[in-house]
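I have placed the structure first, in the form of structure tokens, so that the comments after it can refer back to it.
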Amino acid sequence: TSVGDTLSEISETVGGIRVIRAYGDVRAARRRLHDRIDTQYRAQVRARFFFAIMFPVSDVFSGLALAAVVGVGVWWGPGWGLQAGTLVAIMFLTNLIVQPVAELGEVLDQTQTALAGWRKVLRLMDEPVEVAEPSAEAAVTLPPGALDVRVEAVEFAYEPGHPVLHGIDLELPAGIHAAIVGETGSGKSTMAKLLTRLADPTAGRVLLGGVDLREVSRSSRAAAIRLVPQDGFLFDTTVAENVRMGRPDATDDELSDAFGSLGLQWWVDTLPDGLATPVRERGDALSVG
């Protein structure tokens with residue numbers, strides 16, 4: 081949507097302001113942001129034009145209705161035996177009828193906005209789940225320790241008719257170190273998604289310890305597979321809570337042992353509050369190094 085695109089552009093510009101300033105592309109970034117905001121502005125003007133006309137018109141008709149009641153009452157009232165108190169009561173009742181009609185336009189505006197948002201929610205809810213988890217009764221729990229990996233006749237396509245991987249077979253014995261290398265766009269990241277079940281193959285299957293990943297429970301899969309992305313992401317919480325994303329039940333001693341095994345305990349000791357130090361959004365409070 082126009083609003084979503086504008087907010088995304090603002091967030092991206094603010095988040096990448098250091099890179100923008102470092103590379104001197106401030107004018108281009110400002111131009112992109114201005115164009116996006118201008119597009120949003122014009123969309124809002126079009127959307128509000130009808131209601132900007134309707135509200136004053138409804139107010140005018142409300143005033144005319146009251147004026148008509150007063151005119152009729154003053155002009156013909158005495159001949160009908162209409163008293164001043166009765167005329168005031170009629171004016172009051174007329175206002176009670178006209179005012180809701182005048183407010184109907186605003187209600188209609190709010191209703192249309194709500195319906196538009198609700199349609200977006202329904203559309204999102206109707207999106208198919210890319211990875212369907214097995215039921216609790218059918219889910220398989222993997223045994224502890226190293227497991228072999230087998231990829232059998234795997235095919236994958238992000239869009240129908242445009243395969244990224246085709247006829248891939250791979251066998252990795254348990255306990256070995258292996259690297260998948262290739263040119264940019266050859267499918268390395270896609271293969272990593274399949275091995276970690278961030279996506280399911282279009283055809284074929286991926287087996288871990290002889291079990292199809294689609295049959296493995298989420299908790300067992302998370303315990304057996306570790307993903308280290310090339311662009312690490314840190315949540316706006318403490319160092320300890322970020323590390324516990326992988327093991328929520330880990331104690332502080334276990335976290336210290338983990339940092340020590342990586343040779344990073346010295347770094348933890350330099351933090352103001354140790355493991356309880358907030359890292360801020362995307363780790364902004366930490367040194368990039």
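Counted the way the numbering used here counts, the sequence shown spans residues 81 to 369.
Just so it is clear, CB atoms sit at the ideal spot from N, CA and C, and this is done for glycine as well.
Predicted model only: the values in this text are computed from it and were never measured.
DSSP places valine 231 in the uninterrupted beta strand (DSSP E) bounded by 229-239. Under DSSP, alanine 283 forms a beta bridge with Glu235.
The beta-carbon separation of alanine 330 and leucine 355, rounded to 11 angstroms, does not stay under the 8 angstroms limit for a contact. As DSSP reads the structure, valine 296 sits in a beta bridge with Val220. The C-beta of proline 136 has fewer than 16 other C-beta atoms within 10 Å across all chains shown, which makes the residue exposed. Within the same chain, Gln345, Val348 and Leu355 come within 8 angstroms of serine 336 by CB-CB distance, once the 5 residues on both sides are set aside. Judged by DSSP secondary structure, aspartate 349 falls within the alpha helix (DSSP H) whose first and last residues are 345-350. Rounded to whole angstroms, arginine 277 and arginine 294 show a C-alpha spacing of 8 angstroms. Ranked by Cα distance from serine 88, the options Ile117, Arg107 and Tyr121 are led by Ile117.
Counted as a single uninterrupted DSSP element, the beta strand (DSSP E) harbouring valine 244 occupies residues 242-252. Exposure of proline 309 is indicated by the presence of fewer than 16 other C-beta atoms within 10 angstroms of its C-beta. Distance from valine 234 to valine 296 at the Cβ level is roughly 16 angstroms; contact not present, criterion being Cβ atoms closer than 8 angstroms.
In the three-state DSSP reduction, proline 214 falls in the coil class, being neither helix nor strand. Collapsing the DSSP output to three states places leucine 184 in a helix. The closest CA to that of threonine 174, considering only Arg327, Thr221, Lys200 and Ala145, is found on Ala145. The C-alpha of leucine 314 lies about 21 angstroms from the C-alpha of aspartate 333.
Cβ-Cβ distances below 6 angstroms link alanine 219 to Ser297 in the same chain, with the five nearest sequence neighbours on each side left out; the list follows chain order. Boundaries of the alpha helix (DSSP H) harbouring threonine 270: 268-275, taken from the DSSP string. Assignment of threonine 318 by DSSP, reduced to helix, strand and coil, places it in the strand class.
The three-state secondary structure of valine 149, taken from DSSP, is helix. Under the DSSP assignment, aspartate 337 falls in the alpha helix (DSSP H) whose first and last residues are 332-341.
Under DSSP, leucine 288 forms a beta bridge with Val229 and Val291. Straight-line spacing of the CA atoms in proline 253 and glutamate 239 works out to 32 angstroms.
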